[in-house]
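Every letter in the sequence shown is one number past the one before it in the numbering used here, and letter 145, counting from 1, is 523.
Heads up, the beta-carbon is just placed ideally off N, CA and C, and yes, glycines get one too.
These numbers were taken from a predicted model, which means no experiment stands behind them.
Scroll down for the structure; my scribbles are underneath it.
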Amino acid sequence: MTVPGRRSSTFSRLLRSGFTDPSAAARLLDAPALAAVRADPVLLDALGATADPDLALLGLVRLAEAQPPQELPGLLDTLVSAKPLRDRLLGVLGASEALGDHLARHPRDWQSLVTYEAADLHPGLPEFERGLADAHDPVALRIAYRRCLLSIAARDVCGTIDVVETAAELADLATATLRAALRIASAAAPEDAARCRLAVIAMGKCGGNELNYVSDVDVIFVGEAAPGTDEAKGVQAATRLASHLMRICSETTVEGTIWPVDANLRPEGRNGPLVRTLASHMAYYQRWAKTWEFQALLKARAVAGDRDLGAQYVEAITPLVWQAAERENFVADVQKMRRRVVDNIPAAQVDRELKLGPGGLRDVEFAVQLLQLVHGRSDATLHSRTTLDALQALAAGGYVGRADAAQLHDAYRFLRAMEHRIQLYRLRRTHLVPEDENDLRRLGRSMGLRTEPVAELNKAWRRHASVVRRLHEKLFYRPLLDAVAQLAPGETRLSPRAAGQRLEALGYADPAGALRHLEALASGVTRKAAIQRTLLPVLLGWFADSADPDAGLLNFRKVSDALGKTPWYLRLLRDEGAAAENLARVLSAGRLAPDLLLRAPEAVALLGDPEGLQPRAHEALEQEVLAAVGRAENPEAAVAAARGVRRRELFRTTAADIIGSYGTEDSPAEEDHGALVDRVGGAVSDLTAATLAGALRAAVHSHFGDTLPTRFAVIGVGRFGGHELGYGSDADVLFVHEPREGVGEQEAAKAAQTVIAEMRRLLQLPSTDPPLLIDADLRPEGRSGPLARTLASYAAYYRRWSLTWESQALLRAEPVAGDAELGARFIELIDPLRYPAEGLGEDAVREIRRLKARMESERLPRGADPTLHTKLGRGGLSDVEWTVQLMQMQHAWSEPGLRTTRTRRALAAAHAAGLIPTEEAQILDEAWVLATRVRNAVMLVRGRAGDTFPPEARELAAVGRYLGYAEGTVGEMLDDYRRITRRARAVVEERFYGA
């Protein structure tokens, strides 16, 4: 019986040692087989150092229990006295359930880990061949293979060998296994062996000496008839041997399987003959082979069978491999193949796919292989089968930047190490990162991450995958500059045609035009050209990440032409990494932001300032505008100064919006889309208010000097008053005035009308800036009523004539410019109207519903799709806003939180007050935010306002990119919009119409 205090102490120690189930671990430690060592502190510490102490202990108990009684003491003595054996054995047991099973079935195989000689630390092909030499049948071969695999895994998990050496040893073991399998097949059919010569060519990772723990071993078979044998009979004999070899390795026996041997990379794939002669291979490659087949042949290595025949095959195909880049549509074919691989990944797995997904191992391998094939034509140092060796050679030759190569090297090693550890656990062929917390914990600990293994693993994985994603495309651009820049004599230059094909494959619609821009930017020996040559490989990748790479490159050329001789511009782009990336995002995201920047190129400096993209406070904006207006010599110059501030601040807002929506390498895209919308709405509304204040000051000064005969205030209504203006919104306003002492009402009214007319004239002067239209149609009596009224006139009108819709319109009224005290008194006047005591009567509610229904039937533009119209369509802005405003008018008298001009704040207040359930509030908020973002995106992309998705494909794709949708998923975007707004309309039907 265990004493409670001792149990508690043991339990705590097991927890500290990393056991996740201390109770089960304590029971296992009490197993009779471990009686001699259970109290040894060395054992518990060693178990705690493994990837999965629980798994290691379970495996150790199973191994000990499987030992013959006379051999158990030897195992336990060696375990506690020999640290190398202890680390190797427990390390394997804690990382691999499958190898624990093997040791339980073959309990003497642990002794293969005892020896610690130099040859055991780094065995090569001869050692593995000796390890398999006694295997004369498939079952014995599997047992011997697992014994050798056990030794590799032990060195791997203990850190004796790194991930590159592990992959090379696994490839050597595969080579030895193929040779042993061919030996067994030949012994089973000596007549066939005598009739032919058969060479086994390793492809893929085995050919590249970079194999996984569990992977298909790709091969190609080359056969010839033996002297004196008919060729057809010789090839048939070779085919039977090759088939038997494949079965020996692939079939499942009582000892499981080794790995599948895959010969589908052969000419014509699975439809072609399994074995061909060398002449038949060459005829196929010279006439029929596709681009991807030459890419695959990069890894070809003769590994088994007739050595001379294997060498002849490799020698014959090598020139064809290095001529592949000259084939028509070479880059397009390679890119298409990569995209096809990604597209075939199930959607549910793409984020966990370590090998084939974006930012995965295949991205590194494709990029390296493409550059090898392009530049290896004239540089034999690139003729390597191994990915990391080839990457090092590319860096040494200047084809890849050393920093980029170092980052890719580290990322590839990390991702391969993850892949090894994932496969080692159950020796299953998988490239999916597990989802189970315990599996992730084991994986993280096996990678040396011990403090917070799951969090640290996910962080490191995402960081390395992000590096690969970023650099994957970037590596393709460096050769493009070689096509246009001045190069030293003898250096290989891409032909304009080949460079054009490369650009087209990367998404440029006008590759010839893009080449002209590159030539203008990068040619010459000036400092400017040198810096551009450094920047452009990166910029081209960022441009290609957008929906319109051509526009991004053209706009960059225009900005560079305008600022290229300005020293600070070149320094900014060269030294501020964020500035260059931010600029690339902004220039390729649509028309509005580049147009603003090209009219004020110096605003590019905002992109390099960490605080440069933060919206400025309304007070600071108004102060700057009024100061600029005050310095102007005439009203036209004054409004031009105000427009200059507006232009710069609009660029600041659009740039921040684009960068927040796209994300950058250092910061992901903003996940809180509501916060993005609020920032844009607040910034544009504040900027519009400051611009109106400047126009008001200029108008007053030009006609009345320092003092207007009447006090004057501008009241923002609609989206303006709600701080929800979009880039293309008009400024909905009311004008209120109050005669100064001693001034008659007629004179005051005339003065107010004069100021309004002058403000409108000044703001409508011809300009290339986005227009700022003043719309006063929500005033009493609409277009039939006076543009401006006195405060008393407003009071009289509202007291006698006001309609329900006018009270509703006042919900978003807020002073924005002019006399602040008069504006505050106007708000006091209208509060009882918009927040009526005791709420709305039934007649008023019916009137609001009737008006909304009429608006839906009459105001939607003819031919517009009601499911995609952001303002008046189903579940769009109008639906959400009218629903929220009805709640405000019914309940704001008793719920102060509802007394706000802002839609989202009012909706949140209604939810907090229990007026709408959480789910329905979230549905309305999501629909409103999405519809607002679509409107903003349309203006950013097209440079003009719109309430529905653009019909043109590239513009639609750009809207999708802004909204976070990948290339080719605009259909998904439209489906999502319809789904979200359909749900919102269902809430509106219930909450607004009372359905």
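Query: Rounding to the nearest angstrom, what Cα-Cα distance links Ala-1284 and Val-1095 in this structure?; Result: 16 Å
Query: Could you check what DSSP says for Leu-1238 in three-state terms: helix, strand or coil?; Result: coil
Query: Bridge partners of Pro-1193, per DSSP?; Result: Ile-1093
Query: Nearest-angstrom Cα distance between Val-681 and Asp-767?; Result: 20 Å
Query: Going by CA-CA distance only, name the one from Leu-1112, Glu-1027, Pro-1013 and Glu-1049 that's closest to Ala-1076.; Result: Pro-1013
Query: Beta-carbon separation of Gly-469 and Cys-526 under 7 Å?; Result: no
Query: Between Asp-814, Phe-744, Pro-831 and Ala-843, which has its C-alpha nearest Asp-788's C-alpha?; Result: Ala-843
Query: For the segment 1100-1116 against the segment 1053-1060, do three or more pairs of beta-carbon atoms, one drawn from each stretch, fall closer than 8 Å, so that the two count as touching?; Result: yes
Query: Give me the Cα-Cα distance between Thr-669 and Pro-736, rounded to the nearest whole angstrom.; Result: 22 Å
Query: May I have a chain-ordered list of the alpha helix (DSSP H) segments no shorter than 4 residues that lie completely inside the segment 396-473?; Result: 400-407, 419-426, 431-444, 450-459 and 461-473
Query: Tell me whether Val-846 is buried or exposed, calling it buried when 16 or more other Cβ atoms sit within 10 Å of its Cβ.; Result: buried
Query: With H, G and I counted as helix, E and B as strand and the rest as coil, what does DSSP make of Thr-904?; Result: coil
Query: Tell me whether Val-600 sits in a helix, a strand or coil according to DSSP, three-state version.; Result: strand
Query: From the beta carbon of Arg-763, is the nearest beta carbon of chain D less than 7 Å away?; Result: Looking for chain D here will not work: only one protein chain is present.
Query: What do you get for Arg-841, buried or exposed, if any count of 16 or more other CB atoms within 10 angstroms of its CB means buried?; Result: exposed
Query: Taking 6 Å as the limit between beta carbons, can you name the residues of its chain near Asp-741, skipping five residues before and five after?; Result: Val-846 and His-850
Query: On a CA-only basis, which of Ala-513, Gly-586, Arg-575 and Leu-793 is nearest Glu-547? Give me that one, please.; Result: Gly-586
Query: Just the Cα atoms here: how many angstroms apart are Arg-1360 and Glu-1297?; Result: 14 Å
Query: Rounded to the nearest angstrom, what separates Thr-555 and Tyr-523 at their Cα positions?; Result: 7 Å
Query: Leaving out five residues on either side along the sequence, give the residues of the same chain with a beta carbon under 6 Å from the beta carbon of Leu-985.; Result: Ala-957, Asn-960 and Leu-961
Query: Quick check: the Cα distance between Arg-1097 and Ala-1154, rounded to an integer number of angstroms?; Result: 13 Å
Query: Identify the residues that DSSP records as bridge partners of Glu-1116: which are they?; Result: Arg-1089
Query: On a Cα-Cα basis, can you pick out the residue from Arg-705, Gln-690, Asp-640 and Gly-683 that is closest to Trp-666?; Result: Arg-705
Query: Could you tell me which of Asn-933, Gly-452, Val-1078 and Arg-977 sits nearest to Leu-1004, measuring between CA atoms?; Result: Val-1078
Query: Do Leu-503 and Leu-441 have their beta-carbon atoms positioned less than 7 Å apart in this structure?; Result: no
Query: At which residue ranges does the segment 644-689 contain complete beta strand (DSSP E) runs of 3 or more residues, listed in the order of the chain?; Result: 679-683
Query: What does a CB cutoff of less than 6 Å around Thr-607 pick up in its chain, not counting 5 residues either side in sequence?; Result: Arg-573
Query: Are Gly-1052 and Val-1307 touching if we call contact CB-CB under 7 Å?; Result: yes
Query: Taking Cβ to Cβ, would you say Ala-434 is nearer than 7 Å to Leu-425?; Result: yes
Query: Within 10 angstroms of the Cβ of Asp-1303, are there 16 or more other Cβ atoms? Answer buried if so, exposed if not.; Result: buried
Query: Would you mind working out which of Gly-1217, Val-1223, Ala-694 and Leu-510 sits nearest Gln-561, comparing C-alpha positions?; Result: The amino acid at residue 561 is misidentified as Gln; the sequence shows Arg. Out of Gly-1217, Val-1223, Ala-694 and Leu-510, Leu-510 has the C-alpha closest to the C-alpha of Arg-561.
Query: Would you kindly work out how many angstroms separate the C-alpha atoms of Val-1083 and Lys-943, rounded to a whole number?; Result: In the sequence as presented, Val is not what sits at residue 1083; that position holds Gly. Rounded to whole angstroms, Gly-1083 to Lys-943 spans 43 Å at the Cα level.
Query: Are the CB atoms of Ala-1376 and Leu-999 nearer to each other than 7 Å?; Result: Within the shown structure, residues of the chain are numbered from 379 to 1373, placing residue 1376 beyond reach of any answer.
Query: For the segment 1201-1266, list the alpha helix (DSSP H) runs that are entirely contained and at least 4 residues long, ordered along the chain.; Result: 1220-1236
Query: Using the Cα positions of Arg-969 and Thr-1042, report the straight-line distance between them to the nearest angstrom.; Result: 20 Å
Query: Judging by CA-CA distance, which residue of Ala-1034, Leu-1151 and His-1247 is the nearest neighbour of Tyr-1340?; Result: Ala-1034
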